[in-house]
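S.K.:
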Amino acid sequence: MSMEEPEPMSHALIRTTPAITDPSELGTILNFSLRSLYGDCQPYSHGLSVLQCRRCSGEDSSSTSTSTYEAIIECPSSSLNQVRAALTFPSTPSYFDGALYRFDFIESRPKP
655 MSMEEPEPMS HALIRTTPAI TDPSELGTIL NFSLRSLYGD CQPYSHGLSV
705 LQCRRCSGED SSSTSTSTYE AIIECPSSSL NQVRAALTFP STPSYFDGAL
755 YRFDFIESRP KP
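This is the structure we're talking about:
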């Protein structure tokens, strides 16, 4: 009986504009963007999760509208380029009322 090795995972750090404080909201945007770019049957969202959304270190503003937020995303290393493309060309569901988002890909690292 042979067991397959789990696929290596990566963590990506991104900046969000406007501020996104809810990981599930960012996850929805990413999944929708992946489907918009690669179709409904795309495999790239499998294993994708938003681990954390937080205010950037060094920020002391109390307002989320003027603060810079960052997020940590976990995804399979083999899907990292597709996730990066989805961040570059984000698409949102209609219930987001046409909101525009900008995601800056800062860095990626193998999952520790």
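Numbering (my numbering) for the sequence shown: 655 to 766. Heads up, the beta-carbon is just placed ideally off N, CA and C, and yes, glycines get one too. It should be emphasised that the depicted structure is a prediction, and the values quoted were computed from it without experimental measurement.
1) Have a look at T742, A740, S732, R756 and flag the residue whose alpha-carbon is nearest the alpha-carbon of E661.
2) Excluding five sequence neighbours on each side, which residues of the same chain lie with their C-beta closer than 7 Å to the C-beta of L691?
3) Which residue spans inside the region 682-717 form an unbroken beta strand (DSSP E) run of at least 3?
4) With 16 as the cutoff for other CB atoms within 10 Å, does I668 come out buried or exposed?
5) Can I760 and C707 be called in contact, C-beta distance under 8 Å?
M.R.: On the basis of the supplied data:
1) S732
2) A739, A740, F743
3) 703-709
4) buried
5) no
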